[in-house]
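Residue numbers (our numbering), protein chains in the order written: chain A, 1 to 113; chain B, 1 to 113.
C-beta atoms are modelled at their ideal positions from N, C-alpha and C, and glycine is treated no differently.
What follows is one structure encoded as structure tokens, with my remarks underneath.
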Amino acid sequence: GAGVSQSPSNKVTEKGKDVELRCDPISGHTALYWYRQRLGQGLEFLIYFQGNSAPDKSGLPSDRFSAERTGESVSTLTIQRTQQEDSAVYLCASSGGLTDEQYFGPGTRLTVT
Amino acid sequence: DQQVKQNSPSLSVQEGRISILNCDYTNSMFDYFLWYKKYPAEGPTFLISISSIKDKNEDGRFTVFLNKSAKHLSLHIVPSQPGDSAVYFCAATEISGTYKYIFGTGTRLKVLA
Chain A
1 GAGVSQSPSN
11 KVTEKGKDVE
21 LRCDPISGHT
31 ALYWYRQRLG
41 QGLEFLIYFQ
51 GNSAPDKSGL
61 PSDRFSAERT
71 GESVSTLTIQ
81 RTQQEDSAVY
91 LCASSGGLTD
101 EQYFGPGTRL
111 TVT
Chain B
1 DQQVKQNSPS
11 LSVQEGRISI
21 LNCDYTNSMF
31 DYFLWYKKYP
41 AEGPTFLISI
51 SSIKDKNEDG
61 RFTVFLNKSA
71 KHLSLHIVPS
81 QPGDSAVYFC
91 AATEISGTYK
101 YIFGTGTRLK
111 VLA
């Protein structure tokens, strides 16, 4: 079956522009996570969606970052007024429940010039 | 504050020998731990998990050990194979908590043929 997909795979943008990253989770997975991996660093938690509950946004680094999820389907991560330090690989993962393994997408590599 | 630490950024092991990857955590509330493997340009893939009610979990060549008193877990790969060469991340969460997974910074394993 289809895994987690993310688009675009690569995005180059100029500083100050807004970007939108998309994640299509595995069908039926109620949990969806966004992570960021900067060069040479580990995975940094950004935000977590679980069903209809309020999302856990505690990892979002600034108010320039926001994310939405439509029901238990697609999620978009939006970064406004991008800065060079936003350059990273943004990974999305979904799972069937908290203790279920997370299935990761291939990531979106964002480069802010 | 790095709650999950992988202090060895890299490790080289001869094919057929044992690979031991270590992970330390500081939050005593963590009660569920996972290991993920990541190849370049791909998202992480789940390897093995362990609950705090256990001290060992085995799956084929992979065994995870948990020492709660030391707040330490390790992943053993025996025998190591060249295809195991990847970056390994440990992750931890508190099941009854915020559902947020905290990842370590990763250890790059290179298995030499």
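- The beta carbon of K100/B falls within 7 Å of a beta carbon belonging to chain A, placing the residue at that interface.
- Under the Cβ criterion of 7 Å, L39/A is not counted among the residues facing chain B.
- Contact check between the segment 59-78 of chain B and the segment 15-29 of chain B: three or more CB pairs, one atom from each, fall below 8 Å, which counts as touching.
- Close partners of P40/B in chain A (Cβ separation under 9 Å) are lacking, with about 11 Å as the shortest Cβ gap.
- In terms of CA proximity to F62/B, L34/B leads the group L34/B, K100/B, S69/B, T26/B.
- For the segment 93-108 of chain A, the residues whose beta carbon sits under 8 Å from a beta carbon of chain B are, in order, A93, L98, T99, E101, Q102, Y103, F104, G105, P106, G107.
- The residues A92, E94, in chain order, have a CB closer than 6 Å to that of F30/B in the same chain once the five nearest residues on each side in sequence are set aside.
- Using a Cβ distance threshold of 7 Å, Y35/A and L91/A count as a contacting pair.
- R69/A counts as buried, since at least 16 other C-beta atoms from the protein chains shown sit within 10 angstroms of its C-beta.
- Only those residues of the segment 62-84 of chain B whose C-beta falls short of 7 Å from the nearest C-beta of chain A would be listed, and there are none.
- Under the DSSP definition of a beta bridge, T13/A partners with V112/A.
- Taking 8 Å as the upper bound for CB-CB distance, G42/A and T105/B are in contact here, some 4 Å apart.
- Runs of the beta strand (DSSP E) spanning 3 or more residues and lying entirely within the segment 55-98 of chain A occur at 65-69, 75-79, 88-95, in chain order.
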